[in-house]
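One structure is given here, and the rest of the page talks about it.
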Amino acid sequence: MDEREIEILEKRARELAEGFRQELLQEDSIDAVAFILGEREFALGLECVREVRPFSGVTPLPAVPRFVMGITGIRGEVLSVVDISELLGVSPAPLSSDAGLIILQDQGSGMTFALVVNRILGVVKVSRKELLPLSACYEFAKSKIVQGVTTSGVILLDGRALLNEPSLML
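Quick note: the sequence shown, position 95, residue 95 per full-length UniProt numbering, numbers continuous.
If you want it as structure tokens, here you go:
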């Protein structure tokens, strides 16, 4: 092989290695929707997120637990709107025009409901290497719906655990 062919092969090898490195980085991170609830920043893995939309109000229901704000209609489907701030021990903040709904759905059971949040921040990548054990954040150490806390203080929630949380079942 001449020098030009070797140079081409080395360049190709570098490009392939970079693509492989990017794939590894993607596997080592969790795509999540970040949001504010109360005064805290949370993230929720996208595997159970069906959609995110602005909060446009709810129809209150009588004789339901405090965490159920009411119901809302989305494209002909009636969904429960749930406030998980109490479940997480977060002081609720008043809802403003920035409030949003995160629609969660379990593909297996079909369980679907909407979480109301104070503000949607957007889609982020949470590095698994950044996650601290729950023992590092004593207030969530016994929570089954918290996957971990990042070094920057973002609390990563487990969507499947949230969808199957017994205290949220009516």
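Backbone N, C-alpha and C fix where the C-beta goes; we use that ideal spot for every residue, glycine too.
Along the alpha helix (DSSP H) that carries Ser-85, what are the first and last residues, could you check?
Ser-85 -> alpha helix (DSSP H) spans 85 to 88.
Between Arg-14 and Gly-70, what straight-line distance do the alpha-carbon atoms span, to the nearest angstrom?
55 Å
Report the partner residues of Lys-125 according to the DSSP bridge assignment.
Within the DSSP secondary-structure output, Lys-125 pairs in a beta bridge with Asp-31.
Quick one: is Val-64 buried, meaning 16 or more other Cβ sit within 10 Å of its Cβ, or exposed?
Taking a 10 Å sphere around the C-beta of Val-64, we find fewer than 16 other C-beta atoms and assign the residue as exposed.
Are Val-149 and Ile-30 touching if we call contact CB-CB under 7 Å?
no
Nearest-angstrom Cα distance between Ser-56 and Leu-115?
Distance between Ser-56 and Leu-115, taken at the CA atoms: about 13 Å.
Would you kindly check if the distance between the Cβ of Ala-34 and the Cβ of Leu-156 is under 7 Å?
no
Can you give the Cα-Cα distance for Thr-72 and Arg-160, rounded to whole angstroms?
22 Å
Under a three-way DSSP split, which group does Glu-41 fall into?
strand
Checking the sheet assignment: what are the DSSP bridge partners for Ala-114?
Val-81, Ile-103
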